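Below: the structure, in structure tokens.
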Ligand SMILES: Cc1ncc(COP(=O)(O)O)c(C=O)c1O
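Shown next, in the form of structure tokens:
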């Protein structure tokens, strides 16, 4: 029979196996098992059956059709299961996993995020959300009275409040040009930014995808134009990251702040901050704790005690994305967009209020039911049909914001359209 001391010795030995010993359980096995359980596209007779099977990975309330992914995403079964397992592991030896025991795993998550966005892991900080990243960026600059920052009118509060709070109080001018609601081309949008630039412009802060009607802003073109004038570009990527293929190196912005709990399917309260190698030195941590003197991007994510299961869950979420493939997600996004638009176009009971052009809109569309107030339509849609989406009345939209993640099937869209028909009367 083992004594307490032999047990203790073997326990210490297994702990001394260190990260490698710890990783075989549970990180790799759980993540691998989860991914192996995913449906394979080759097993289905047609694409739509494959997407029906992907939908089963998500668990929504009975009777709910969730078209509100842009507000908050849902994690598939594989991610929930893995995150739960990390939580249980943490609870079995809290101090070990909180301080160092998961270092290697955390770095793997950073690498997976970096690979997904085609940048270096040394350019990725793992934080909590877009709002935090935008605060960190806006807080970092020692701007002078009269310096200018451009924030177009469709910026989300989380992308504009940080600039107002950290910079406007010092006499920095926030310039707010108006974007067209339904632009015809990227050039039209670039021109809005170009015309707002003066000799005092220091930074352009721009959404990748606006949350109001889902229009995609031409970040690459705006970055090229801004950089020629020595202006920095910070991007609010809350609605972009994971919706379609994004190569941040090619996009060319200086900073990109995103929430993994939307289009990246990660557990809640996990975010990603990209800071390009050449401009990273300009950023200061929002809070400082042990590690803040680290010379790498890790100095921007020092929280001391923080919940790591969700951060590791982001790794599982990227495994999920990679298994489905970003290419397939990207294509499906556009397929759903076209399917919805084809159903509504030409029907004078409805007005589509997002750009038609694929360069300018993707999985978020805006639909007005002519003659009805959007708040009432939203309410009726939920109460009578169990459909959840976000009403948007700003900028004269009066539109339902429909977000179509990969768990939305064509039959969900048919159901949405017949429900809207019934409401329109
Ligand atoms: C464009 C945009 N930016 C920022 C945010 C804020 O995201 P979070 O609360 O995850 O920081 C949102 C949330 O909906 C958003 O749509």
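In the working numbering, the protein residues as written are 1 to 425.
Ideal placement from N, C-alpha and C gives every residue a C-beta, glycine not left out.
Small disclaimer: the values here were computed from a predicted structure and weren't measured.
Do you know offhand how far residue i's Cα is from residue j's?
| i | j | result |
| --- | --- | --- |
| residue 145 | residue 134 | 21 Å |
| residue 383 | residue 350 | 20 Å |
| residue 338 | residue 357 | 10 Å |
| residue 172 | residue 206 | 17 Å |
| residue 379 | residue 284 | 43 Å |
| residue 69 | residue 104 | 31 Å |
| residue 321 | residue 245 | 11 Å |
| residue 20 | residue 413 | No answer about residue 20 holds up, because its pLDDT of 35 lies below 50 and its placement is not dependable. |
| residue 374 | residue 53 | 32 Å |
| residue 64 | residue 381 | 11 Å |
| residue 421 | residue 248 | 40 Å |
| residue 315 | residue 118 | 16 Å |
| residue 415 | residue 198 | 49 Å |
| residue 91 | residue 79 | 18 Å |
Identify the continuous alpha helix (DSSP H) that holds residue i and give its terminal residues.
| i | result |
| --- | --- |
| residue 384 | 374-385 |
| residue 267 | Note, residue 267: premise wrong, no alpha helix (DSSP H); not H, not E. |
| residue 224 | 219-228 |
| residue 59 | Element bounds for residue 59: n/a, residue is neither H nor E. |
| residue 426 | Since the displayed the chain opens at 1 and closes at 425, residue 426 lies outside it and no answer follows. |
| residue 104 | 103-116 |
| residue 251 | 248-251 |
| residue 186 | 186-196 |
Mind checking which residues open and close the beta strand (DSSP E) that includes residue i?
| i | result |
| --- | --- |
| residue 308 | Taken as a continuous stretch (DSSP letters only), residue 308 belongs to no beta strand (DSSP E), being part of the alpha helix (DSSP H) at 308-324. |
| residue 144 | That residue, residue 144, is in no beta strand (DSSP E); it is neither H nor E in DSSP. |
| residue 236 | 232-236 |
| residue 165 | Taken as a continuous stretch (DSSP letters only), residue 165 belongs to no beta strand (DSSP E), being part of the alpha helix (DSSP H) at 157-166. |
| residue 355 | Element bounds for residue 355: n/a, residue is neither H nor E. |
| residue 91 | First-last for residue 91: 77-92, but that is the alpha helix (DSSP H), not the beta strand (DSSP E). |
| residue 202 | 201-207 |
| residue 256 | 255-259 |
| residue 150 | 148-151 |
| residue 392 | 390-392 |
Are the Cβ atoms of residue i and residue j separated by less than 8 Å?
| i | j | result |
| --- | --- | --- |
| residue 297 | residue 122 | yes |
| residue 424 | residue 367 | no |
| residue 183 | residue 189 | yes |
| residue 313 | residue 302 | no |
| residue 388 | residue 66 | yes |
| residue 168 | residue 202 | no |
| residue 89 | residue 154 | no |
| residue 216 | residue 208 | yes |
| residue 265 | residue 393 | no |
| residue 345 | residue 352 | yes |
| residue 408 | residue 365 | no |
| residue 272 | residue 289 | no |
| residue 38 | residue 139 | no |
| residue 170 | residue 136 | no |
| residue 252 | residue 220 | yes |
| residue 334 | residue 354 | no |
| residue 130 | residue 238 | yes |
So what does DSSP say about residue i, is it helix, strand or coil?
| i | result |
| --- | --- |
| residue 350 | strand |
| residue 407 | coil |
| residue 127 | strand |
| residue 278 | coil |
| residue 98 | helix |
| residue 176 | coil |
| residue 414 | helix |
| residue 401 | strand |
| residue 423 | helix |
| residue 137 | helix |
| residue 66 | strand |
| residue 241 | strand |
| residue 216 | strand |
| residue 47 | helix |
| residue 295 | coil |
| residue 53 | helix |
| residue 182 | coil |
| residue 345 | coil |
| residue 339 | helix |
| residue 262 | coil |
| residue 121 | helix |
| residue 169 | helix |
| residue 22 | In this predicted model, residue 22 has a pLDDT of only 39, less than 50, meaning its place in the structure is not dependable; the value taken from the coordinates is given anyway. Of the three classes helix, strand and coil, the one that applies to residue 22 here is helix, per DSSP. |
| residue 41 | helix |
| residue 36 | helix |
With a threshold of 7 Å (Cβ to nearest heavy atom), would residue i be considered close to ligand 2?
| i | result |
| --- | --- |
| residue 325 | Looking at this structure, you won't find ligand 2 anywhere; what it does contain is ligand 1. |
Counting only C-beta atoms, is residue i closer than 8 Å to chain C at any point?
| i | result |
| --- | --- |
| residue 248 | The structure shown contains no chain C; it is built from a single protein chain. |
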